[in-house]
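Below is one structure, written out as structure tokens, with a few remarks after it.
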Amino acid sequence: MASMSQTGPHLDTILPAQHTGANVLCLPGMFAGSWVFEKVLPLIAERGYPAHAVSYRGHPPNPKFDGLGSASVADYASDAANVARTLDRPILIGHSLGGLVALLLLGRNLARAAILVSPAPPRGITVFTVELFARTLNQLPSLLFNRPLVPKAADINALVLNCVPKEQRAEIFARFTPDSGRAARQAALGIYRIPPRAVRAPLLVVAGDNDRFIPSRIAGKVARKYGGQLRIAPKRGHYFFGEPGWETEVSVMLNWIDGLPRVIRERGPDVNVPTDENFMTWDRVRMSK
Numbered sequence: 000m001a002s003m004s005q006t007g008p009h010l011d012t013i014l015p016a017q018h019t020g021a022n023v024l025c026l027p028g029m030f031a032g033s034w035v036f037e038k039v040l041p042l043i044a045e046r047g048y049p050a051h052a053v054s055y056r057g058h059p060p061n062p063k064f065d066g067l068g069s070a071s072v073a074d075y076a077s078d079a080a081n082v083a084r085t086l087d088r089p090i091l092i093g094h095s096l097g098g099l100v101a102l103l104l105l106g107r108n109l110a111r112a113a114i115l116v117s118p119a120p121p122r123g124i125t126v127f128t129v130e131l132f133a134r135t136l137n138q139l140p141s142l143l144f145n146r147p148l149v150p151k152a153a154d155i156n157a158l159v160l161n162c163v164p165k166e167q168r169a170e171i172f173a174r175f176t177p178d179s180g181r182a183a184r185q186a187a188l189g190i191y192r193i194p195p196r197a198v199r200a201p202l203l204v205v206a207g208d209n210d211r212f213i214p215s216r217i218a219g220k221v222a223r224k225y226g227g228q229l230r231i232a233p234k235r236g237h238y239f240f241g242e243p244g245w246e247t248e249v250s251v252m253l254n255w256i257d258g259l260p261r262v263i264r265e266r267g268p269d270v271n272v273p274t275d276e277n278f279m280t281w282d283r284v285r286m287s288k
């Protein structure tokens, strides 16, 4: 696996022996980085698609920075967009918060297609449940005052790792890192307005039927809003790429990519790629009516 980190965000890459397909860019969720996809990238590359996974600013192995708590979802989308522009409009796989980031990129025509896995929702769809609300009360200072949000083992085990064997949870949790209180608040409130007419690419939305962090009903609403296909995976929680049997679901996703029209899934030049968008305006534009 090749790792790359220049002035931009860190990127892990695995190139296939035969490069026949379009680039696939994986976008992680809160508290995580490119490592979430470390077992997924080889499977993508085996299908002929150059496989990439990004780590947003402030997430290892990127350097720490003092403003992590005030980083916005738009900032993370800017990181992903900068990478996507170098990859000839990739196919996206966005998990959790990365699903919302993927939608933002689709809205700017920066991707050919996307798979949203347990996605954080756009404006108009709320993610709150009684359990999630109860477990976020002790994090209110970070959420309200743009401070770094430090994951707590009890909360992560209950909401994210509930379908992971108990003996494996501590090792996974040790890899999670603090994240932005501001980005978490924005994702929870669903402030980003992404009009359905702006999302014209093929879309698959996937969720686990036992996801306690972003329930599968959210995935259903996202799929209906944007006219995407929906898959509810049985006996799956939120930590999709580390639960027993994860290979089966990744195979379903890659089969979906293989079934896309050739003009989308095969390597080749693209047109109408925006090159001068100011992605830092997402906060302002997407909150407007």
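Quick note, the sequence shown lines up with residues 0 to 288 if you use numbering that gives the first Met the number 0. From the three backbone atoms N, C-alpha and C, an ideal C-beta is built for every residue, glycine too.
The alpha helix (DSSP H) enclosing residue i, as first and last residue numbers
i, result
"residue 247", "245-257"
"residue 171", "165-172"
"residue 83", "72-83"
"residue 263", "261-264"
"residue 185", "180-188"
Inter-residue spacing [alpha-carbon to alpha-carbon] between residue i and residue j
i, j, result
"residue 190", "residue 112", "23 Å"
"residue 269", "residue 62", "In this prediction, residue 269 scores a pLDDT of 42, lower than 50, which makes its location untrustworthy; the coordinate-derived value is nonetheless stated afterwards. Roughly 33 Å between the two C-alpha positions."
"residue 14", "residue 133", "43 Å"
"residue 248", "residue 92", "13 Å"
"residue 183", "residue 47", "35 Å"
"residue 202", "residue 101", "10 Å"
"residue 103", "residue 199", "12 Å"
"residue 245", "residue 41", "14 Å"
"residue 122", "residue 99", "10 Å"
"residue 239", "residue 205", "10 Å"
"residue 152", "residue 135", "13 Å"
"residue 316", "residue 8", "The requested residue 316 does not occur in the structure, where the chain is confined to residues 0 to 288."
8 Å Cβ cutoff met for residue i and residue j
i, j, result
"residue 141", "residue 117", "no"
"residue 241", "residue 195", "no"
"residue 292", "residue 266", "Residue 292 is absent from the structure shown; the chain starts at 0 and stops at 288."
"residue 208", "residue 243", "no"
"residue 211", "residue 130", "yes"
"residue 185", "residue 71", "yes"
Continuous beta strand (DSSP E) stretch holding residue i: start and end
i, result
"residue 158", "Where residue 158 is concerned, there is no enclosing beta strand (DSSP E), although the alpha helix (DSSP H) it sits in stretches over 152-158."
Contacting residues, own chain, Cβ-Cβ under 8 Å from residue i (five flanking each side not counted)
i, result
"residue 124", "189, 217, 220, 221 and 224"
"residue 273", "Note on residue 273: pLDDT 35, under 50, position unreliable in the model; no value is reported."
Close-in-space but distant-in-sequence residues of the same chain around residue i (CB under 6 Å, 5 per side omitted)
i, result
"residue 180", "68, 141, 142, 145, 146 and 148"
"residue 172", "152 and 155"
Beta-carbon proximity list for residue i, same chain, < 7 Å, skipping 5 on both sides
i, result
"residue 28", "94, 95, 96 and 97"
"residue 16", "none"
**Asked** Any contact of the segment 52-64 with the segment 12-32, i.e. 3+ C-beta pairs under 8 Å?
**Response** The way I'd put it, the segment 52-64 does touch the segment 12-32; three or more beta-carbon pairs between them come closer than 8 Å.
**Message:** Three Cβ pairs or more, each shorter than 8 Å: is that satisfied between the segment 155-165 and the segment 71-91?
**Reply:** no
**Request:** Examine the Cβ distances between the segment 30-37 and the segment 159-177 and report whether three or more of them are shorter than 8 Å.
**Result:** yes
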